[in-house]
Amino acid sequence: MVIVLAVKLPDIRGVLDRTDFFALITQRKTSYPPRETIPPAIKPIPAPPAAGMPSLPAQSPKQVKPSPDVQPSLQSQPAVQTAAIRTGILFFVKIEEDGLISSKEVRRNIPASESPLTDNLGALIQGPNEGEIRSGLVSLIPRGTKILGVKIQGNTAIVNLSEAFMYNQYGPEGYEAQLKQLVYTATSFPSIHDVQVLIEGQKKEYLGGEGVYIGASLSRNSF
4 MVIVLAVKLP
14 DIRGVLDRTD
24 FFALITQRKT
34 SYPPRETIPP
44 AIKPIPAPPA
54 AGMPSLPAQS
64 PKQVKPSPDV
74 QPSLQSQPAV
84 QTAAIRTGIL
94 FFVKIEEDGL
104 ISSKEVRRNI
114 PASESPLTDN
124 LGALIQGPNE
134 GEIRSGLVSL
144 IPRGTKILGV
154 KIQGNTAIVN
164 LSEAFMYNQY
174 GPEGYEAQLK
184 QLVYTATSFP
194 SIHDVQVLIE
204 GQKKEYLGGE
214 GVYIGASLSR
224 NSF
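The opening position of the sequence shown corresponds to residue 4 in our numbering, with each subsequent residue numbered one higher.
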């Protein structure tokens, strides 16, 4: 059989060439569309870091923890400080129904400071408070009197007063009463024995025109 095909092969090839058999077979082979090939997925290539900028490693997003409620601290609040108070002794006067003038001691709470004598005399110059007025107490120290200075030399208090202290409308008894208020209040301190009165920084011989002597220091025994 193989021998016969080999003998007839030139005749068969000629017939195929005349009938365009090979061209038809070639056309059928090329008529099929080529198979579509899907390229592999292209992974994105990260861009190179900019020149001079260090590349940072990828960081996972931080988890934000809710902040706990902040409670106010009681210790952070400043403590309210109260001023120190001491008891001061002042002397006012009481005018009786018969006109007699008498000295009355008053104990009052006064803010403490490093100048207790000045504090007491300042409270005296301001006059009696409402409760003391209801008790019938008054002050015969003339209105407008101001303390210009207080100094202590030994056992003597030198008290410098404004000129208003020189004038009293109640006469000699009024002058003596206002001096007594001043001297008794100052000598309520055990270390003070007497008081020298100055008017506008000057020593005066007499208080007013009535002849009440203030040229020397006065003690409680002076009245």
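Backbone N, C-alpha and C fix where the C-beta goes; we use that ideal spot for every residue, glycine too.
Source: prediction; values computed, not measured.
- Assignment of Glu-117 by DSSP, reduced to helix, strand and coil, places it in the coil class.
- By alpha-carbon distance to Pro-131, the top candidate from Gln-184, Val-153, Glu-166 and Leu-151 is Gln-184.
- For Ala-189, the three-state secondary structure derived from DSSP is helix.
- Counting only runs of at least 3 residues, the region 95 to 175 fully encloses the following beta strand (DSSP E) elements, listed from N- to C-terminal order: 104 to 114, 150 to 156 and 159 to 164.
- Boundaries of the beta strand (DSSP E) around Leu-201: 197 to 202.
- Assigned with DSSP and collapsed to three states, Gly-91 falls in strand.
- If you ignore the 5 residues before and after Leu-127, its C-beta comes within less than 6 Å of the C-beta of Leu-93 and Thr-188, all in its own chain and listed in chain order.
- Counting only the Cα atoms, Leu-164 lies some 26 Å from Ile-88.
- Beyond the five residues adjoining it in sequence on each side, Thr-121 comes within less than 8 Å, by CB distance, of Ile-150 and Val-153 in the same chain, given in chain order.
- DSSP places Lys-207 in the coil class of the three-state scheme, outside both helix and strand.
- With respect to the C-alpha of Val-198, the residue from Phe-226, Ala-86, Gly-177 and Pro-175 having the closest C-alpha is Phe-226.
- Under a 10 Å Cβ-count criterion, Gly-91 is classified as buried, with 16 or more other Cβ atoms of the shown protein chains found around its own Cβ.
- Looking at Ala-160, Gln-129 and Pro-145, the one whose alpha-carbon comes closest to that of Tyr-173 is Pro-145.
- Leaving aside the five residues that flank Thr-148 on each side, the residues in its chain whose CB is nearer than 8 Å to its CB run, in chain order, Ile-128, Leu-164, Ser-165, Ala-167 and Phe-168.
- Less than 8 Å divides the Cβ of Leu-124 from the Cβ of Val-162.
- Within the same chain, and ignoring the five residues on either side of Ile-98 in sequence, the residues whose Cβ sits closer than 6 Å to its Cβ are Ile-104.
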